[in-house]
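The sequence shown begins at 9 in the numbering used here and counts up one residue at a time.
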Amino acid sequence: MPHTSIAKKVFRQVNWAIYIINGLAALLTFLYFSQIDPLPPSSAAERAPLPTAAYIQFAVIMVITFAIGIGLNWRNDRKIINWAEKVQTGLSAEAVPPPVRRLG
Numbered sequence: 009m010p011h012t013s014i015a016k017k018v019f020r021q022v023n024w025a026i027y028i029i030n031g032l033a034a035l036l037t038f039l040y041f042s043q044i045d046p047l048p049p050s051s052a053a054e055r056a057p058l059p060t061a062a063y064i065q066f067a068v069i070m071v072i073t074f075a076i077g078i079g080l081n082w083r084n085d086r087k088i089i090n091w092a093e094k095v096q097t098g099l100s101a102e103a104v105p106p107p108v109r110r111l112g
């Protein structure tokens, strides 16, 4: 079963790379729209710095989103790895259910 540990390691590394890249993209988008190009205020004198609550809301939403994403990815990766182990031990590929085949 050495392939299984390699598969788990690859899935883990790819997933963490995706999480980091998506997190940085979300942060850059938030900073761009909040600091560089915010919605125009009703008058030029009203432009004020973003309140701390906005940063806290962003952080909370990101933590929730990442937790959901990690859970969904873990669930799908686990299904793929479990069926890959079964195929490696002699199960025919035709025995793998179609929904699981689509995940890979």
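Where a beta carbon is used, it is the ideal one built from N, C-alpha and C, also for glycine.
Quiz item: Does the distance from the C-beta atom of Asn-126 to that of Asn-23 stay below 7 Å?
Solution: Nothing can be reported for residue 126: it is not among the residues displayed for the chain, which extend from 9 to 112.
Practice problem: Give a yes or no on whether the C-beta atoms belonging to Phe-38 and Phe-66 are separated by under 7 Å. | Solution: Taking the sequence shown and counting its residues from 1, the one referred to as residue 38 is at position 30. Taking the sequence shown and counting its residues from 1, the one referred to as residue 66 is at position 58. Result yes, Cβ atoms of Phe-38 and Phe-66 sit closer than 7 Å.
Practice problem: Whole angstroms is fine: what's the gap from Pro-105's alpha carbon to Glu-93's? | Solution: The sequence position of residue 105 within the sequence shown is 97, counting from 1. The sequence position of residue 93 within the sequence shown is 85, counting from 1. C-alpha separation (whole angstroms): 14 Å.
Self-check item: Top-ranked residue by Cα proximity to Ile-88, from Tyr-63, Thr-60, Pro-107
Solution: Within the sequence shown, residue 88 is the residue found at index 80, counting from 1. Of Tyr-63, Thr-60, Pro-107, the smallest CA-CA separation from Ile-88 is found for Pro-107.
Quiz item: Using the C-alpha atoms, what's the distance from Ala-101 back to Met-9?
Solution: Indexing the sequence shown from 1 puts residue 9 at position 1. Indexing the sequence shown from 1 puts residue 101 at position 93. For Met-9, the predicted structure reports a pLDDT of 47, less than 50, and the residue's modelled location is therefore unreliable. A value from the coordinates is still provided. Spanning the alpha carbons of Met-9 and Ala-101 requires a straight line of approximately 17 Å.
Quiz prompt | Opening and closing residue of the alpha helix (DSSP H) in which Asp-45 lies | solution = Looking up residue 45 in the sequence shown gives position 37. For Asp-45, no alpha helix (DSSP H) encloses it, and the DSSP letter there is neither H nor E.
Practice problem: Kindly give me the distance between the Cβ atoms of Met-70 and Ala-34, rounded to whole angstroms, as I take these residues to be in contact under 8 Å. | Solution: As a first step, residue 70 must be located in the sequence shown, where it is residue number 62. As a first step, residue 34 must be located in the sequence shown, where it is residue number 26. The Cβ separation is near 6 Å, so the contact holds.
Quiz item: Alpha carbon to alpha carbon, how far is Leu-99 from Arg-86?
Solution: Locating residue 99 in the sequence shown gives position 91, where the first residue counts as 1. Locating residue 86 in the sequence shown gives position 78, where the first residue counts as 1. Cα-Cα distance, rounded: 17 Å.
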